[in-house]
Amino acid sequence: MIKQVFTSDVAIPFIGGLFLCGILAAIMSTADSQLLVTASSVSEDIYKGVINPKADSKKVLLISRITVIVVAALAFVIAWNPDSSIMGLVSDAWAGLGSAFGPIILLSLYWKRTNMQGAIAGMISGGLTVIIWDYIPLINGQTLYKYTGLYSLVLGFAISLVLIIVVSLLTKAPSEEMLQEFDDVANKRVAEN
Numbered sequence: 000m001i002k003q004v005f006t007s008d009v010a011i012p013f014i015g016g017l018f019l020c021g022i023l024a025a026i027m028s029t030a031d032s033q034l035l036v037t038a039s040s041v042s043e044d045i046y047k048g049v050i051n052p053k054a055d056s057k058k059v060l061l062i063s064r065i066t067v068i069v070v071a072a073l074a075f076v077i078a079w080n081p082d083s084s085i086m087g088l089v090s091d092a093w094a095g096l097g098s099a100f101g102p103i104i105l106l107s108l109y110w111k112r113t114n115m116q117g118a119i120a121g122m123i124s125g126g127l128t129v130i131i132w133d134y135i136p137l138i139n140g141q142t143l144y145k146y147t148g149l150y151s152l153v154l155g156f157a158i159s160l161v162l163i164i165v166v167s168l169l170t171k172a173p174s175e176e177m178l179q180e181f182d183d184v185a186n187k188r189v190a191e192n
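Using numbering that gives the first Met the number 0, read the sequence shown as starting at 0 and increasing by one per residue.
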């Protein structure tokens, strides 16, 4: 398939091969960067930052390696689906990232009561909403997206936003030091404008 698309219509097959090598290099470069970011985020930010703050470097490295394997396997399964398209995958990626991180970014910039527990609840709920909405057949063998036509980002963003606010209000407020830092940054931002 790749050979037919890229080299059969090119006058000089060597140039077609170079073109194909460039595309494959860009794909591999992006994939390994995304795997590294995901593994670092899970092992350092979630595992060492929240679950086990006293974890040694060997344990963090093990978690990082396991994350790479799990994420790569998940990506392989998603890519293996013959019905998936690049546009669909990009749309799902935007929905997942937007639902998981969009409300956290907005609230952490504009609402000083946001805390770590609320951020984690929002991140998990937003991501899970997108996965459930787009991939799990719940109604007559259809996913909720196919049944309703509603883009999962809309619902995931709303659920994440609500949970961040509710969980932040139900748990301990940020420390006075954090609130002061928030005010300092906000005042500096206003003063610069």
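Every residue gets a Cβ at the ideal spot worked out from N, C-alpha and C, and that includes glycine.
Own chain, CB closer than 8 Å to residue i, minus 5 neighbours either side, in chain order
i      : result
Ile131 : Leu137 and Leu143
Phe181 : Lys111 and Pro173
Arg64  : Ala38
Thr6   : Confidence in Thr6 is poor, its pLDDT being 49 and thus under 50, which makes the residue's placement unreliable; the coordinate value appears in the next sentence. Cβ within range, chain order: Pro12, Gly15, Gly16 and Leu19.
Pair within 9 Å by beta-carbon distance, residue i and residue j
i      : j      : result
Pro36  : Asp91  : The question names Pro, yet the displayed sequence has Val at residue 36. The answer is no: Cβ separation not under 9 Å.
Gly95  : Ile163 : no
Gly140 : Ala99  : no
Leu88  : Ala78  : yes
Val59  : Tyr46  : yes
Whole-Å CB distance - residue i paired with residue j, under 8 Å assumed
i      : j      : result
Val153 : Ala120 : Contact flag wrong, Cβ pair sits at about 19 Å.
Ser42  : Ile62  : 4 Å
Phe156 : Gly97  : 6 Å
Ile104 : Met122 : The pair is not a contact, with the Cβ atoms about 11 Å apart (cut-off 8 Å).
Identity of the residue in the options nearest residue i by Cα
i      : options                        : result
Tyr146 : Glu175, Tyr134 and Phe156      : Tyr134
Leu168 : Asp183, Asn139 and Thr113      : Thr113
Gln33  : Lys57, Pro102, Ala74 and Gly16 : Ala74
Asn186 : Gly97, Lys58 and Leu108        : Leu108
Ser151 : Gln179, Met177 and Trp93       : Trp93
Own chain, CB closer than 6 Å to residue i, minus 5 neighbours either side, in chain order
i      : result
Ser124 : Ile158, Ser159 and Leu162
Gly48  : none
Those residues which DSSP pairs with residue i across a bridge
i      : result
Ile138 : Gln141
Proximity test, residue i beta-carbon vs the ligand NAP heavy atom, cut-off 8 Å
i     : result
Pro81 : Among the components modelled here there is no ligand, and therefore nothing to report on the ligand NAP.
Close beta carbons around residue i, own chain, < 7 Å, minus the five adjacent residues each side
i      : result
Met177 : none
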